[in-house]
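Just add 1226 to the spot in the sequence shown (first one is 1) and you have the numbering used here.
By construction, the Cβ of each residue, glycine as well, lies at the ideal position given by its N, Cα and C atoms.
Just so we're clear, the structure is a prediction, and the values are computed from it rather than from any experiment.
Notes follow once the structure below has been shown.
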Amino acid sequence: MKFFVHFFKEKTRKIDVEALFEFFENYKNIKPYEKDNTIYFSFEDDNIKLYADFALTPKSIVSDIHRLDPKYLDINFHLEISPLLPTYKAEIIFEIIAELCEEFKIFIYNELFDNVLPFRKELLVTVYEIIKKAFKEKSLDEYEKMYYMEKDYLNQILKYQYIIESIKTYLKNDDITVPNYLFFKPLNGNTVKTAIEWIHGVNTVFPPKLDYVIYKKDGKEMLYSFDEVNKAIAKHLSELPIFVKDTRISAKHSFKKILKIMNKNKFRELEDNFIRIDIEDIIDI
């Protein structure tokens, strides 16, 4: 099952395909390809495992087109995404739709709409969440393969992971590692836990909503509670400006103090009773 947004124009079916290619060329994550007489503009972001397709088809795929206002004409172009995305991910794609509609004077339609409508992000988000909840209830087998994380909590994590390349560029001259999140679940439970790897002697960014640190030193990996580590080093950290709230770093002079703390303190080493899970297996409902 997919979530669809269909694109219409007023009193014309024409769309400038060459201009459409030029529009999508402005997005580094979107690549065109053709399959079965359909042109796809495929969005892929491996940092948050977000995938979507804008598809230009030979004919309409709108099943209930007969009931729609005839002044709006289907241009045989639509978006399709998974109905089980966290809403933050869906909103990234909806922002592209907003720009698409403005650029080409396009209207949108979904099966839950009464009619073709001008783009409204809040409406699209509401409809997406309705369909996501319905899909959850109808497809429990597929949903049970996913792991729940509270929406606002997950949003911060996804935002950091989505803009991680920008953070790396911002810090490229500061000799600071920008780590990816790692995700785990307990062997006997489904609660998602977050961690980063931290190599001894290497200055690192601490993203928000961390549960654990995998500390690598002298060929060993130690699993520490981030709360415990944070209590010892927090006064030597400062918030990274511009980006994601509660993302913190240490200046070079402060990092020397942090190294001394990490060498001196005997943090409680935790048992690794976790299974690694992927970011694309985490859902917000």
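Residue environment, residue i, which counts as buried when at least 16 other CB atoms sit within 10 Å
i	result
Pro1344	exposed
Thr1238	exposed
Asp1187	Coverage of the chain is limited to positions 1227 through 1511, which leaves residue 1187 absent and any answer about it impossible.
Thr1430	buried
Lys1398	exposed
Leu1366	exposed
Leu1380	buried
Pro1312	buried
Asn1336	buried
Met1375	buried
His1232	buried
Leu1350	buried
Terminal residues of the beta strand (DSSP E) in which residue i lies
i	result
Val1231	Phe1229 to Glu1236
Leu1276	Leu1276 to Leu1282
Three-state class that DSSP yields for residue i in the structure shown
i	result
Asn1456	helix
Phe1339	coil
Ile1214	In this structure the chain extends from 1227 to 1511, so residue 1214 is not present and cannot be described.
Ile1318	helix
Ile1332	coil
Ile1323	helix
DSSP beta-bridge partners of residue i
i	result
Met1448	Tyr1441
Thr1264	Lys1261
Pro1412	Phe1500
Thr1430	Thr1403
Ile1256	Phe1269
Tyr1354	Tyr1354 is not bridged to any residue.
Glu1465	Arg1474
Tyr1373	Ile1508
Residue i: first and last residue of the uninterrupted alpha helix (DSSP H) it sits in
i	result
Thr1420	Counting along the chain, Thr1420 falls outside any alpha helix (DSSP H), though it belongs to the beta strand (DSSP E) covering Lys1419 to Ile1425.
Asp1378	Lys1377 to Tyr1388
Asp1300	Counting along the chain, Asp1300 falls outside any alpha helix (DSSP H), though it belongs to the beta strand (DSSP E) covering Tyr1298 to Ile1307.
Leu1366	Leu1366 to Tyr1369
Glu1506	Premise fails: Glu1506 is in no alpha helix (DSSP H) and is neither H nor E.
Glu1244	Val1243 to Glu1251
Next on the checklist: For the pair the stretch 1257–1275 and the stretch 1288–1299, tell me if three or more CB-CB distances fall below 8 Å.
Outcome noted: no
Checklist entry - Is there contact between the stretch 1437–1447 and the stretch 1469–1486, where contact requires at least three CB pairs shorter than 8 Å? => result no
Checklist entry - Contact between the stretch 1302–1311 and the stretch 1268–1283: three or more CB pairs below 8 Å? => result yes
Next on the checklist: Below 8 Å, how does it come out for the stretch 1403–1416 and the stretch 1486–1495: are there three or more Cβ pairs, yes or no?
Outcome noted: no
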